[in-house]
Structure formats: C-alpha cells, structure tokens
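Colleague: In our numbering, the protein residues as written are 62 to 145.
Shown next as structure tokens:
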C-alpha cells in the first residue's frame, strides 16, 4: 500500500498520506457507486512530500464512491463516502 486516506468520509476534499513517495506520478480515479468516473487527478509526488490534498469535490452528490489509485506498477482501491 503506497497511500492511505486520512478519512474514508469526505465533504469537499480528500486528504491522502503517501506512505512511499518515490518521485513517481500518482493517478487517481474517483467513481460513483454505479462505476461512472466522476473525477480524475494526476500529480507528481516528490520524495520529500507525504501529503496530497484532492480539492474541488464539493459539487459531487453525497453517496458511496470508489477511489482507484495507481503509482507505477502499484494499484489500490478504497471505498469512500461523501457526506453533506
């Protein structure tokens, strides 16, 4: 696991803690509970940085979401909930 979400419940932003920053790009896809892609993000993470904030999620409807993260060859999925 190369990243973890500080809280699986979010309102307008996601706080990610990168546990193994290696200078590679992190790609994220946020999908709703029907599998439709709602947002994407792509960020280069420097080796000295361990925090990543994904802002601009306030206009998404509340409900269940899946966050898919990839960094190089590594992939992971997390279930999240958006609250009002």
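Yeah, the Cβ is synthetic: ideal placement off N, Cα and C, and Gly gets one too.
Please return the same chain residues whose Cβ sits closer than 6 Å to the Cβ of residue 129, not counting the five positions on each side in sequence.
Modeller: Closer than 6 Å at Cβ, skipping near neighbours: 90, 138.
Colleague: Checking 8 Å against the spacing of the C-beta atoms, do residue 68 and residue 140 come in under that value?
Modeller: Result no, Cβ atoms of residue 68 and residue 140 do not sit closer than 8 Å.
Colleague: Which first and last residues belong to the beta strand (DSSP E) in which residue 112 is found?
Modeller: Counting along the chain, the beta strand (DSSP E) containing residue 112 begins and ends at 112–115.
Colleague: To the nearest angstrom, how far is the alpha carbon of residue 108 from that of residue 135?
Modeller: So the alpha carbons of these two residues sit roughly 17 Å apart.
Colleague: Using CA atoms only, rank isn't needed, just tell me which of 125, 99, 112 is closest to residue 63.
Modeller: Closest option to residue 63, Cα to Cα, is 112.
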